[in-house]
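Under the working numbering, the first residue of the sequence shown is numbered 740, with each subsequent residue one higher.
What follows is a set of notes on a single structure, which appears directly below.
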Amino acid sequence: MPLMPGAEPYHHDAGPVGVLLCHGFTGTPQSLRPWGEFLAGHGVSVSLPRQPGHGTKWQEMNRTRWEDWYAEVEKAFADLQGRCPDVFVAGLSLGGCLALRLAEVHGTAIRGVMTVNPSIANDVPLLKLAPLLKWFVPSVPGVAGDVKKAGVTELAYTRTPVKAAASLPGLWSLVRADLAKVTQPLLVFHSTEDHVVKPASVAIIRARVPHATIEELSDSYHVATLDNDADRIFAGSLDFIRTHASVPLQRD
């Protein structure tokens, strides 16, 4: 199925330190590409895959589940690990949840985790009805485009596919249950005003991963990687990688 222009995956080989970037639910690599390009420009190898069902039509996404999205980032992680001795994982929204799951599963094979407004809790009342709604309603209004900065557009579906959404609670429950396994350094960027993911997710991370560093973003909404605080996220993540990598970045 044809891709939306701009929804293509992004990859860059730069050196022995790599980062896997995971985009969010109904989103595309476009929301993280500026982040990936920034890191690539500073000597980081970058893998930013497109998850199944994303970047085409929401109807196609209804044929996918969280296991499909996780399998894609697992595949990308294995490929990056084969080329880079140091691998970091990162993600926006549900991509942050996928990054945390990778950290839980792979332990010390991952040097550190960076998330932006991660989603690990069901704080949308409508989603509680998704297992029933999926038999009657194929989609509901989307949640994309929560950006404060004027003139910026997130490339994502304008509809939320209900069958796909109905699989989310299974992933959230799994990730929450294993949060104690996230022993790697963890950096969380959290928008104080987010109209998509409520504060519950970050509150859970604070309570269960006490070594996590939480950076509050006061001038961005949910898609902070495209918003007013993007430069702060990019620079902070680069400092985080430099601090926790076992080898210098190629351009350092």
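The C-beta atom is built at its ideal place from N, Cα and C for all residues, glycine as well.
Nothing here was measured: the structure is a model prediction, and the numbers come from that model.
Beta-carbon proximity check, residue i vs residue j, cutoff 9 Å
i      : j      : result
Phe764 : Ser832 : yes
Gln790 : Glu811 : yes
Pro900 : Gly834 : no
Gln989 : Gly782 : yes
Asp966 : Leu956 : yes
Asp825 : Val921 : no
Gly846 : Cys761 : no
Ala919 : Val948 : yes
Closest by C-alpha distance to residue i, when choosing among the options
i      : options                           : result
Gly745 : Leu778, Thr767 and His751         : Thr767
Pro748 : Ala815, Val941 and Leu913         : Ala815
Ile953 : Ser976, His845 and Lys796         : Ser976
Arg850 : Asp917, Gly835, Asn967 and Val828 : Val828
Ile859 : Val921, Leu907 and Leu787         : Leu907
Arg802 : Gly890, Cys761, Gly775 and Ala903 : Ala903
Trp808 : Asp818, Val826 and Pro788         : Pro788
Asp968 : Lys888, Ala919, Gln769 and Asp978 : Lys888
Ala848 : Glu813, Gln769, Ser878 and Val879 : Glu813
Glu806 : Ile943, Gly909, Asp933 and Ala939 : Gly909
Sequence-distant residues of the same chain with beta carbon closer than 8 Å to residue i, five excluded per side
i      : result
Ala779 : His751, Ala753 and Val785
Met740 : Thr795, Lys796 and Glu799
Pro914 : The residue you asked about is not Pro; residue 914 is Val in the sequence shown. For Val914, where only same-chain residues beyond five positions count, the Cβ hits under 8 Å are Cys836, Leu839, Arg840, Glu843 and Ile859.
Trp911 : Cys836, Ser858, Ile859, Ala860 and Asn861
Ala946 : none
Cys823 : Gly754, Pro755, Val756, Gly757 and Ser784
Leu926 : Gly851, Val852, Met853, Thr854, Ala951, Thr952, Glu954, Gly975, Ser976 and Phe979
Ser730 : There is no way to answer for residue 730, as the model of the chain reaches only from 740 to 991.
Ser770 : His762, Gly763, Leu831, Glu893, Leu894, Ala895, Val962, Thr964 and Leu965
Asp933 : Asn856, Asp885, Tyr960 and His961
Met743 : Thr767, Gly794, Thr795 and Leu894
Pro880 : Thr897, Arg898 and Thr899
Cutoff 7 Å; reference residue i; Cβ partners in own chain excluding five residues on either side
i      : result
Ala883 : Thr765, Gly766, Glu893, Ala895, Tyr896 and Thr897
Asp917 : Glu843
Phe973 : Trp774 and Phe777
Pro987 : none
Ala939 : Ala860 and Asp862
Ser878 : Trp797, Arg898, Thr899, Pro900 and Val901
Ile943 : Ile859, Ala860 and Arg915
Neighbourhood of residue i by C-beta distance below 6 Å, restricted to the same chain and skipping five residues each side
i      : result
Pro924 : Gly851 and His983
Val935 : Val882, Asp885 and His961
Arg804 : Ser906
Val941 : His929
Thr931 : Glu955 and Ser957
Leu759 : Ser786, Ala815, Phe816, Leu819 and Val828
Val891 : Leu965
Arg772 : Tyr749
Lys937 : Asp862
Sheet register partners of residue i (DSSP bridge)
i      : result
Glu954 : Phe928
Pro900 : Ser878
Leu831 : Val855
Val771 : Here residue 771 is Leu; the residue named in the question, Val, does not match the sequence. Answer is none; Leu771 lacks a bridge partner.
Asp825 : Val756
Cys761 : Gly830
Leu787 : Tyr749
is_contact[residue i, chain C] using C-beta, thresh 9 Å
i      : result
Gly794 : Going by chain labels, chain C is absent from the structure shown, which holds only one protein chain.
With contact counted as at least three CB pairs below 8 Å, one residue from each stretch, are the segment 954–974 and the segment 855–863 in contact? yes
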